[in-house]
Amino acid sequence: MTANHTADNLAKKIKTKDLSPVEVMDYYMNQIESQNDQVNAFVTINQNAMDEAKQAEREVVDGKKLGPLHGVPVGIKDLTPTKGIRTTFGTKVFGDNVPDRNATVVERLKAAGAIIIGKTNTPDFGHKGTTDNLLFGATKNPWNLEKTAGGSSGGSAAAVAANMVPFAEGSDGGGSVRIPASFCGVYGFKPSYGRIPMDNSLVNAFGTNNPFVNHGPLTKTVRDAALFVDVTQGPSTTDPFSLPRFDENLVNQVEGNLNGIKIAYTKDFGMYTVDKEVLQVIDLQVKKWQELGAVVEEVSMDFGMTLHQFLGFFKNTWYAAAAAGGASMLRDVPELLTPSYQTMIERGFDIPTSEYIGYQQKRTIVWRELQKHFETYDLVMSPSLSVPAFDYHLLGPEEIEGKKIEADSDWMMTHIYNMTGLPAASIPAGFTKSGLPIGMQLAGNRFNDGLVLRASHAYEQLIGGFPAIK
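Take the sequence shown: its position 154, counting from 1, is numbered 153 in numbering that gives the first Met the number 0, and each next residue is one higher.
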């Protein structure tokens, strides 16, 4: 085994008996043992993982039919229920919780032959764009251990970046796949809302649409992301918003040219203040897209609101959800909750029902502005985030380019696609002068997941593959 194998490559080598599932599992277990103390990406290891690898090896030897991910280890975010494996939701409140069921996304990964190697770190209930909690502490960025890995799928992104697992599952309700993908220099993909069933909570099956919350992969290659979606997509009776299967065999669709594809490039969505070094990196990518045959044009966007107004209603939707689900915890066990999550719950109590319902009108404005651009363009490109990774003990920077900002939100350029449910990816695009990864966000119209993946793959091939930590 060597570093930086992809999930797709490992599955092929296992099928041809060039590698055994036991050999693969042993390699990644050793990687976790040697690196996790510093990075803190994994919080629970599946104690049955090696036994499952041995069973997978017997199935190869016996000539049984193998799934597309047979014997490949996968990391699962600690928000996502895993039967028989501790799932804490990043909080002391559920520190000893062992679910009796798998989320559908987990069930489908396992049906495809993947083996859960462990659970990855997340903040309390995935409530913020960085990853730390009172139960496990902070996840560090493998490129610089003083910096944040991002969140809320920070453990998954850091595990992939540090080569502790070939790929991992995340979830994204405000950028929680794309934020850590950008900070950690890996590929993160949020599919169209409903494509992969979201049933982490059976108590509230309708709780994933305001804003839209998705499962998504964190990977080293676009091909692995497409494979993840291929094996996990499709309807489920546990998710009333789940979609029929479409774009079958996405893995085969990632190949193809971009001749004539039109890309709208927005530097700031008309609202954000962006770090100059981030913009320099993203500006340089325009020529690369043009080399691929795409037409790239810079556009102005106008959502009819300031960033403060946009993020105000976006955050209030989450505050209301936190208050609905967390009131009893705040009353009974406040000491088990991080201060930032307590604040969310408290703020949610003050949001009138009429105001909450009225947010749908503001979402409509966001939707229509994006649709106006999709009438002319096939894809929209932007920075994923307006800053590089910052110190891991912070919620965010206090200012960008000398302008004061709200540290917990104003640097995330990802929320727009959770308001609208559109497919979006964070693509590794380069580095700051100090060596921190910068992500480039690429989004398509609803159901155009295949185009986002195809364009991402073409870019990946042009640059010779995404960077890896040596």
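From the three backbone atoms N, C-alpha and C, an ideal C-beta is built for every residue, glycine too. Being a predicted model, the structure only gives us computed values, none of them experimental.
Thinking C-alpha only, which one of the options is nearest residue i?
| i | options | result |
| --- | --- | --- |
| residue 350 | 314, 382 and 378 | 314 |
| residue 117 | 51, 179 and 431 | 51 |
| residue 196 | 187, 185, 211 and 183 | 211 |
| residue 405 | 396, 432 and 316 | 396 |
| residue 58 | 13, 131 and 101 | 13 |
| residue 111 | 232, 17 and 171 | 232 |
| residue 102 | 286, 238, 335 and 449 | 238 |
| residue 182 | 323, 113 and 389 | 389 |
| residue 265 | 440, 200, 68 and 462 | 440 |
| residue 428 | 121, 40, 184 and 48 | 184 |
| residue 377 | 438, 346, 307 and 295 | 295 |
| residue 144 | 391, 205, 423 and 416 | 391 |
| residue 321 | 311, 333, 335 and 346 | 346 |
| residue 460 | 136, 222 and 383 | 222 |
| residue 194 | 421, 425 and 337 | 421 |
| residue 160 | 142, 121 and 97 | 142 |
| residue 447 | 76, 249 and 6 | 249 |
| residue 339 | 65, 97, 124 and 105 | 124 |
| residue 224 | 177, 310, 409 and 348 | 177 |
| residue 366 | 32, 309 and 465 | 309 |
| residue 246 | 147, 452 and 379 | 452 |
| residue 174 | 198, 425 and 430 | 425 |
| residue 328 | 23, 40, 93 and 16 | 93 |
| residue 38 | 263, 364, 191 and 140 | 140 |
Name the two residues that bound the continuous alpha helix (DSSP H) containing residue i.
| i | result |
| --- | --- |
| residue 281 | 275 to 282 |
| residue 33 | 20 to 38 |
| residue 249 | 249 to 252 |
| residue 319 | 306 to 331 |
| residue 221 | 221 to 231 |
Between residue i and residue j, which are expected to be in contact by the criterion C-beta below 8 Å, what is the C-beta distance as a whole number of angstroms?
| i | j | result |
| --- | --- | --- |
| residue 468 | residue 29 | With 8 Å as the limit, residue 468 and residue 29 do not qualify as a contact, their Cβ atoms being about 16 Å apart. |
| residue 385 | residue 418 | Not really, about 17 Å apart at Cβ, beyond 8 Å. |
| residue 43 | residue 84 | 6 Å |
| residue 119 | residue 154 | 3 Å |
| residue 180 | residue 187 | 3 Å |
| residue 458 | residue 226 | About 18 Å separates the two Cβ atoms, so there is no contact after all. |
| residue 230 | residue 100 | About 19 Å; that fails the 8 Å criterion. |
| residue 133 | residue 337 | 6 Å |
| residue 26 | residue 0 | 4 Å |
| residue 462 | residue 261 | That belief does not hold up - the Cβ atoms of residue 462 and residue 261 are roughly 21 Å apart, past 8 Å. |
Quick one, are the C-beta atoms of residue i and residue j less than 8 Å apart?
| i | j | result |
| --- | --- | --- |
| residue 81 | residue 115 | yes |
| residue 372 | residue 298 | yes |
| residue 164 | residue 253 | no |
| residue 399 | residue 282 | no |
| residue 407 | residue 127 | yes |
| residue 149 | residue 158 | no |
| residue 416 | residue 454 | no |
| residue 335 | residue 293 | no |
| residue 387 | residue 276 | yes |
| residue 278 | residue 382 | yes |
| residue 302 | residue 269 | yes |
| residue 166 | residue 2 | no |
| residue 543 | residue 152 | Nothing can be reported for residue 543: it is not among the residues displayed for the chain, which extend from 0 to 469. |
| residue 358 | residue 316 | yes |
| residue 88 | residue 77 | yes |
| residue 21 | residue 9 | no |
From which residue to which residue does the beta strand (DSSP E) around residue i run?
| i | result |
| --- | --- |
| residue 295 | 294 to 297 |
| residue 171 | 166 to 171 |
| residue 44 | 41 to 44 |
| residue 217 | 213 to 218 |
| residue 205 | Looking at the DSSP string, residue 205 is not in any beta strand (DSSP E), and its letter there is neither H nor E. |
Inset, instruction - Tell me the start and end of each unbroken alpha helix (DSSP H) in the region 377 to 447 that is at least 4 residues and wholly inside, in chain order. - result: Runs of the alpha helix (DSSP H) inside the region 377 to 447: 415 to 419.
Inset, instruction - Only counting runs of 3 or more residues, tell me where the beta strand (DSSP E) segments fall wholly within the region 90 to 164, in order along the chain. - result: 114 to 119 and 143 to 147
Inset, instruction - Give, in chain order, every unbroken run of the beta strand (DSSP E) that is at least 3 residues long and sits entirely within the region 333 to 357. - result: none
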